[in-house]
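Quick notes on the structure that follows.
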Amino acid sequence: MVKIPDGSRAFIVGRFQPFHYGHLKLIKQILKDNDSVIIGIGSAQYSHTLKDPFTAGERHIMISSSLESEGIYQFYLVPIEDVNSNPLWVAHVESLTPRFNKVYTNNPLVRRLFGEKGYDVHSMELMNRDSWSGTHIREKILNGENWKDDVPQPVWELIEEIDGVNRLIDLSKTDEDVI
Ligand code: NAP
835 MVKIPDGSRA FIVGRFQPFH YGHLKLIKQI LKDNDSVIIG IGSAQYSHTL KDPFTAGERH
895 IMISSSLESE GIYQFYLVPI EDVNSNPLWV AHVESLTPRF NKVYTNNPLV RRLFGEKGYD
955 VHSMELMNRD SWSGTHIREK ILNGENWKDD VPQPVWELIE EIDGVNRLID LSKTDEDVI
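Position one of the sequence shown corresponds to residue 835 (my numbering), numbered consecutively onward.
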């Protein structure tokens, strides 16, 4: 395990499409046991698709504004593009982030890749998955249902500012819909 002289630093990665209250609660929980947390913005190269509608920069603002509005400042945000080799992915993450000694994930692949490199890997499930789920929230946005209650205010403000609802609606259309 990596020894960090200046305290414990945890790592969590997700796509955060979008960042929601489940993610916020998870990060607060991690900070109870660690001095700081590195938040990897996964699949950073993707945006403008139904599964990954928001850019890494937009997700960066969603996360940093939400945490700062809660008085949380012990975090590092690092956009991480995918690589086409799973065995190389941990080294890729390490090359982009400050050193860390604990990994929090529920993703079996992420757990295996970091475990094989000797990291202390912890499971932490997201809560209230009926509402706090990126997939459900994107569906609600598309269906015109109330989704703002599932995300921190800075997130819905950012989505409004970038015309995010119409972005998702446009992404769901085919060429024939436009004609
Ligand atoms: P993800 O793709 O962000 O999420 C997958 C699913 O798991 C989503 O439904 C997500 O819900 C849910 N989820 C996320 N955290 C959870 C938790 N703690 N408990 C229960 N469910 C949870 O996957 P991820 O594990 O959060 O992030 C992994 C990132 O690493 C991805 O960007 C992936 O591409 C990247 N990665 C890349 C490589 C490579 O490049 N070779 C290899 C491994 C991983 P929400 O949508 O609500 O968050």
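Cβ atoms here follow ideal geometry from the backbone N, Cα and C, with glycine treated the same way.
Check                                                                                                                                                                         : Outcome
Decide yes or no for the touch test of the segment 894–906 against the segment 944–955: beta carbon pairs closer than 8 Å, at least 3 of them.                                : no
Restricting to Cα atoms, I'd like to know which of G876, S842, T883, K974 is closest to D1004.                                                                                : T883
Thinking Q879 and G968 are a contact (beta carbons under 8 Å), I'd like their distance in whole angstroms, please.                                                            : Actually they do not touch by this definition, with Cβ atoms about 17 Å apart.
Taking the alpha carbon of Y938 as the reference point, which residue from H926, L922, N920, L960 has its own alpha carbon closest?                                           : L960
Compute the minimum distance between the beta carbon of Y938 and the heavy atoms of the ligand NAP, and state whether it is under 8 Å.                                        : yes
Which two residues bound the contiguous beta strand (DSSP E) that contains I846?                                                                                              : 843–848
What are the residues that DSSP puts in a beta bridge with Y910?                                                                                                              : I872
Just to confirm, does E995 get its C-beta within under 8 Å of one of the non-hydrogen atoms of the ligand NAP?                                                                : no
Would you check if the distance between the CB atom of Y910 and the CB atom of P932 is smaller than 9 Å?                                                                      : yes
Nearest by alpha-carbon distance to I875: which of L976, N1000, D886 is it?                                                                                                   : D886
Count the other C-beta atoms from every protein chain shown that fall within 10 angstroms of the C-beta of D1019, then say buried if there are 16 or more, exposed otherwise. : Here the chain has residues from 835 to 1013 only, and residue 1019 is not among them.
Of all the alpha helix (DSSP H) runs that stay within the bounds of the segment 870–955, which reach a length of 4 or more residues?                                          : 890–903, 920–930, 942–950
Give me the Cα-Cα distance between F948 and D954, rounded to the nearest whole angstrom.                                                                                      : 8 Å
So, for I861: in the same chain, excluding its five sequence neighbours on each side, which residues have a beta-carbon less than 8 Å away from its beta-carbon?              : I846, V871, I873, L901, I906, F909
Quick one: what does DSSP say K862 is sitting in, helix, strand or coil?                                                                                                      : helix
Mind checking whether G856 and W923 have CB atoms under 9 Å apart?                                                                                                            : no
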